[in-house]
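Worksheet: the structure to be examined is printed underneath.
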Amino acid sequence: MSDKIEPDLASRLEALLDRQPAASALLQEFYNDAQIFERDIEQVHMKRWLCVGHASQVSDAGDWFRFDVASEPLIIARGADGEVRALLNVCRHRGSLVCAEDAGHSNRLICPYHGWTYDLEGRLRSARNMGDLNLDAHSLARIHCRVVEGLIFVCFADEPPAFDRVEEVLGQSVGRFGWANAKVAHRASYTVAANWKLVTENYQECYHCRPAHPEFSRFHATEKSEESNVDLRKRASDLAVAQGVEIEEIDHWPFGDGAGSEGVAVANDAMYEGSVTGSRDGSPLAPLMGDFKDYCEGFFTYVETGPASFFLAYPDHGLVYLFIPRTAQRTDMEVLWLVNGKSQEGVDYSVTSRSSSETSEV
Amino acid sequence: MSDKIEPDLASRLEALLDRQPAASALLQEFYNDAQIFERDIEQVHMKRWLCVGHASQVSDAGDWFRFDVASEPLIIARGADGEVRALLNVCRHRGSLVCAEDAGHSNRLICPYHGWTYDLEGRLRSARNMGDLNLDAHSLARIHCRVVEGLIFVCFADEPPAFDRVEEVLGQSVGRFGWANAKVAHRASYTVAANWKLVTENYQECYHCRPAHPEFSRFHATEKSEESNVDLRKRASDLAVAQGVEIEEIDHWPFGDGAGSEGVAVANDAMYEGSVTGSRDGSPLAPLMGDFKDYCEGFFTYVETGPASFFLAYPDHGLVYLFIPRTAQRTDMEVLWLVNGKSQEGVDYSVTSRSSSETSEV
Amino acid sequence: MSDKIEPDLASRLEALLDRQPAASALLQEFYNDAQIFERDIEQVHMKRWLCVGHASQVSDAGDWFRFDVASEPLIIARGADGEVRALLNVCRHRGSLVCAEDAGHSNRLICPYHGWTYDLEGRLRSARNMGDLNLDAHSLARIHCRVVEGLIFVCFADEPPAFDRVEEVLGQSVGRFGWANAKVAHRASYTVAANWKLVTENYQECYHCRPAHPEFSRFHATEKSEESNVDLRKRASDLAVAQGVEIEEIDHWPFGDGAGSEGVAVANDAMYEGSVTGSRDGSPLAPLMGDFKDYCEGFFTYVETGPASFFLAYPDHGLVYLFIPRTAQRTDMEVLWLVNGKSQEGVDYSVTSRSSSETSEV
């Protein structure tokens, strides 16, 4: 993949942009065209920070799980040194997938094809019958990886965009909801037969929530434009401050503030009276998280960062939405449901009484 | 879509036409090539008249059904004013399908995505939270639509081909079989893994009928070239005249008479002795239609019009064949079985004893 | 299809070859690109000799079976004259498949579409209602076909590569194992979601055998590079000579010896002590074949020819591996298990106790 644009695509894009009406949805081709899709992946997903999961998925040294971005397969592994790394799941010998299962725990990763064996830091440790092969020169490829407030982010670019502002925002927001010590209570995957831009746009606007997600709209004050919501949103903000979630609302999503830094937006939003969290009936789902002193009616905090990572924080649970483009017309979605890391399934919470956000169809 | 042909395709088509042998089947590329398929849709299906169903499918104001042409989705609806219209099933807000079900009855069409609401004439009646949006400027797009002898025809072109000759032919033929007052007894859909031109050519010739459709060939004199059929066809024509079906046989299919008018062909054809209709055993299936005074041995009338609309009329039932191109290698087929509009299922006819034409595989 | 390469593909190939590192696996595009795949088929599979089965599959005049190469459908038939021929399974009238079943026995092949009827030598014998059509000018197309030691080979090229060297090798090797009088005990088909070159390369190297096929590696001395195998291989060669399998080991695979002749490689290889054949436990599976006087510990002989035909000969059974490219990312595989033609299923052998080679996953 390269930055250089094919001449054909360049002239096609130019013609499309000429035809694109202002303040209107993108033209169909931007969603359907296979070449534009590839360009999206190259220019957006391969250059930006992407959340791929939560550190509790690799809580112990030797834990790993797979996460594919577009068609690039990754292993997210915690090494013997305690570090979380993002390794390409591509054997250095013949390009086979090294890990075929979705997740595991081991002190070696053994390629099933010819048996080349790597450690959890990605170093080649043995290559049968290969004589004096330089093992050090054949580690699994590694991409940028960092853990912030428990969230694992990766970036394929040689020089990733600056992430300081995102770290700061996450600290002020999901950090106060205790996400660094959270755990994944449930993980669900969906496939949507649509372009990643359409799926993301859909997620970004809640104009569709009332007709499409009545169970969500029952308690969430979804439409900022409505006058009746102005007071509600003020109240929500005051409640947030009272609980220690003092946020400087910003909206540098999706493109950052222009100084080469990753895009991020954060805000508190209101829930209607009668609901203290995003459950179907508005009542608590799980023990309080972070420094929360009590349930309150009602607010939640959301963060958006990178091209495809979205977070919703409630006092007793959190939601991580990850959108993974596959083809021009297919996007996979992964949803993680976070709870207090000390809570116990079956005792403190039940995965069958899930969030109203999580179980909504897109 | 535009009339202008891509230079690549133009030169490829030219080369293909050079290689095309005379009086022989088209070269494989004409059936398999995805770009040629798109050109077919643009130049043929989007410019010509296409039958999409029968008026009895929308007998009451508020009735509607969906019909997609290639990948263009339509709603065929009868408005409060009694008119049948063809509306694009594409919400003016974000392009979602307005009607997701196959058919229905209602006085409003509500887009499931954001709730925009249209009436059955296609006018936008409400758009939640959209302030002073000009509703009149956001009606569903409408394409040409007309009902002739009960058959609903649509055309996507701004200026459709002249349809007078087709109307005249339909009046002389299926009009005499009472199709204006018929109803749909049965509707079946098939998917054929072949190009629409191959499927249409196959329908057009009955050389394959004997080996492939023995139950049909038992009573239909399928091969005009055979001498034994000359007298039969003369007898059939006399019988038709006696029943009031006086047809001027023409064959301006598929391209019309050259004066910018839609193509049409019509003829009477013979059935062998012992059969009065196109049933499996030649005996009546349903009450007589139109002005028919009695069953007779034996004739039927066929009409072909536009690129993809074919009709077979028997004294007691009619068949509407619609071919709908989907991709270069896939064509959907819809078959409607018409009977006298006053007849009653289970009393006068049974859908299990269907026509020998309708149940034949292609 | 033509030898002339599209200018686009030519420049793309050139750029790829510039990027291709030496002594390393091919770049991904060589396996994934649809245009390169088509070029492979044109330049390799349509020009070279391909094994399509064994003569015992058409033991009697009138026997036939289908075998598709890429997307070219063939009928392999034994005519009334006893000859085995390869006919294109494409009716000369409208291009329909003449034979729809996988195999059969008949003295005529009747196209199901319009009933055109061919004999087993491919001559058109009748074409209903076609007047004075010149039947002789409408035989099914025929491609080169020859039977060597019971193996049926075909070639689509007008002028096939010279096959003398391959015939000689087959005579020295599988000929001594009695393959000319063998029969097919079992036939299995697999689909592999990978490019034919990857599948073939995989078959060619046995570095993967130990991790991937432990049941095979238990008795086969798979890795030539290991010193411990040198003596074993010498012993195997001596054993082979003692049994009359005196082979001049050559490796002109895949490209032949440069003089326009088909590629071929042949060698004896060793099995570990305790195994006399390639069964799961090393013990005999079926009666001895050819001139073998006794079971012995242990050797087997392999032959590789053309782009996609591979043979393994054991004293009591043989394996024919055929790789059939379908798309850039799909290859079908057919495996024939040969036994002594005089042996009897259920008495002398059982198809449930199959070879360790045959039942291994790729």
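Residue numbers (our numbering), protein chains in the order written: chain A, 173 to 534; chain B, 173 to 534; chain C, 173 to 534. Think of the CB as a built atom: it goes at the ideal place given N, C-alpha and C, for glycine as much as any other residue.
Separation of residue 368 (chain A) and residue 223 (chain A) (C-alpha to C-alpha, rounded to the nearest whole angstrom) is 15 Å. Counting only unbroken stretches of 3 or more residues, the beta strand (DSSP E) elements lying wholly within the segment 443 to 522 of chain A are 471 to 477, 481 to 485, 490 to 499 and 502 to 512, in sequence order. A straight-line Cα-Cα distance of about 20 Å links residue 177 (chain B) and residue 497 (chain B).
Residue 277 (chain C) has a beta carbon lying at 7 Å or more from every beta carbon in chain A.
The beta carbon of residue 228 (chain B) sits closer than 6 Å to those of 355 and 356, all from its chain and outside the five residues before and after it, given in chain order. The way I'd put it, the segment 453 to 468 of chain B doesn't touch the segment 311 to 328 of chain B; fewer than three beta-carbon pairs between them come closer than 8 Å. Cβ-Cβ distances below 7 Å link residue 266 (chain C) to 285 and 286 in the same chain, with the five nearest sequence neighbours on each side left out; the list follows chain order. With respect to the 7 Å criterion, residue 460 (chain C) and residue 488 (chain C) are classified as neighbours on the basis of their beta carbons.
For residue 214 (chain C), the closest C-alpha among the options C:510, C:514 and C:499 is that of C:499. Scanning its chain for C-beta atoms nearer than 6 Å, with the 5 sequence neighbours on each side dropped, one finds around residue 433 (chain A) the residues 333, 334 and 337, in chain order.
Residue contact with chain C for residue 379 (chain B): present (Cβ-Cβ distance below 7 Å to some residue of chain C). About 6 Å separates the Cβ atoms of residue 508 (chain A) and residue 226 (chain A), confirming a contact at the 8 Å cut-off.
Considering only A:274, A:476 and A:234, the residue with the shortest C-alpha distance to residue 240 (chain A) is A:274. The bridge partners DSSP lists for residue 236 (chain B) are B:249 and B:276. Closest in alpha carbon position to residue 245 (chain C), among C:259, C:448, C:486 and C:495, is C:259. When DSSP states are grouped into helix, strand and coil, residue 322 (chain C) belongs to the coil group.
Shown here, residue 316 (chain B) sits in a strand according to DSSP, grouped into three states. Looking from the CA of residue 341 (chain C), the closest CA among C:182, C:418 and C:254 belongs to C:418.
For residue 282 (chain B), the pairing in a beta bridge is given by DSSP as B:289. In this structure, residue 443 (chain B) sits near residue 470 (chain B), with a CB-CB distance shorter than 7 Å.
At least one C-beta of chain B is nearer than 7 Å to the C-beta of residue 266 (chain C). Burial is judged here by how many other beta carbons sit within 10 angstroms of a residue's own beta carbon; residue 193 (chain C) has fewer than 16 and is exposed. Secondary structure in the segment 361 to 427 of chain A: the alpha helix (DSSP H) runs of 4 residues or longer, each lying completely within the stretch, are 368 to 376, 381 to 384, 386 to 389 and 400 to 414 in chain order. DSSP places residue 343 (chain B) within a helical segment (H, G or I) once states are collapsed to three. Taking the C-beta atoms as reference points, residue 483 (chain B) is found no nearer than 7 Å to residue 371 (chain B).
Along the segment 188 to 212 of chain B, going in chain order, the ones with a CB nearer than 9 Å to a CB of chain C are 197 and 200.
Remark: fewer than three beta-carbon pairs, one from each stretch, lie closer than 8 Å, so the segment 247 to 255 of chain A and the segment 299 to 310 of chain A are not flagged as touching.
Between the alpha carbons of residue 182 (chain B) and residue 205 (chain B) lies a gap of roughly 13 Å.
Residue pairing of residue 295 (chain A) in beta bridges, as defined by DSSP: absent, with no partner found. Listed by position along chain A, the residues whose Cβ is nearer than 8 Å to that of residue 285 (chain B) are 380, 383 and 384. If you compare the alpha carbons of A:288, A:360, A:230 and A:347 with that of residue 379 (chain C), the shortest gap goes to A:288.
Beta-carbon to beta-carbon, residue 475 (chain B) and residue 436 (chain B) are separated by about 7 Å, close enough to satisfy the 8 Å threshold. Taking 7 Å as the cut-off, the Cβ atoms of residue 414 (chain B) and residue 401 (chain B) do not count as close. Per DSSP, reduced to three states, the secondary structure at residue 433 (chain B) is strand.
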